[in-house]
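Residues in the sequence shown are numbered consecutively from 816, following the working numbering. C-beta atoms are modelled at their ideal positions from N, C-alpha and C, and glycine is treated no differently.
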Amino acid sequence: VDTVLRLVKKGFIAPPLHFSFVLGVNGGMTGEARDFKFLRESIPMDATYSVAGIGRYEFPLAELAIQDGGHVRVGLEDNLFVEKGVLASSNAELVKKVVQIARRHGRDVATPAEARRILAMEVRP
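See the structure below:
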């Protein structure tokens, strides 16, 4: 985060900014709520962000991000379990669980076109 903010200040990177927080990975930050809160408070208020929680952190962090207005990444590359001790049958099962969390908090899931708009990504033919 600090490096990106320095590069913005020097004019090497221009907003809009999007950050990807990957938490709970060995050798990195843990995936506790305090870690999410620290990172969220460290980025500009107008920046977008997504959270990927590794292992047991996947769904608690997804819920925190959804509640805060952020975005979420899930997948078998980050977590094999849909709940403690229950292997996920597919990525779709993990996505379905996050969709349920989002709906519980009154959030819709972005379509691909909406995601590109949120991330300020240009569509190429």
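Between the CA atoms of residue j and residue i - distance to the nearest angstrom
i      : j      : result
Phe947 : Ser904 : Nothing can be reported for residue 947, as the shown portion of the chain is limited to 816 through 940.
Gly890 : Val901 : 15 Å
Leu838 : Met844 : 6 Å
Gln882 : Arg888 : 15 Å
Lys912 : Glu898 : 10 Å
Val840 : Glu937 : 31 Å
Gly884 : Pro927 : 18 Å
Phe836 : Ile869 : 11 Å
Ala935 : Gly846 : 27 Å
Sequence-distant residues of its chain with Cβ nearer than 8 Å to residue i (five each side left out)
i      : result
Phe834 : Val816, Val819, Leu854, Ile858, Ala862, Thr863, Tyr864, Ser865
Val823 : Ala829, Pro830, Leu832
Cβ pair residue i, residue j closer than 9 Å
i      : j      : result
Arg871 : Phe896 : yes
Ala867 : Leu879 : no
Asp893 : Glu873 : yes
Reduced DSSP category for residue i - H, G, I as helix; E, B as strand; rest coil
i      : result
Ser865 : strand
Leu902 : strand
Leu822 : helix
Val897 : strand
Phe834 : strand
Val887 : strand
Phe827 : coil
Ala880 : helix
Ile916 : helix
Glu892 : coil
Asp923 : coil
Ala935 : coil
Residues of its chain near residue i, where Cβ-Cβ distance is below 7 Å and the 5 sequence neighbours each way are ignored
i      : result
Ala848 : Leu879
Val924 : Val914, Ala917
Close beta carbons around residue i, own chain, < 6 Å, minus the five adjacent residues each side
i      : result
His886 : Ser865
Any chain B beta carbon closer than 9 Å to residue i
i      : result
Ile881 : Any reference to chain B falls outside this structure, which holds one protein chain only.
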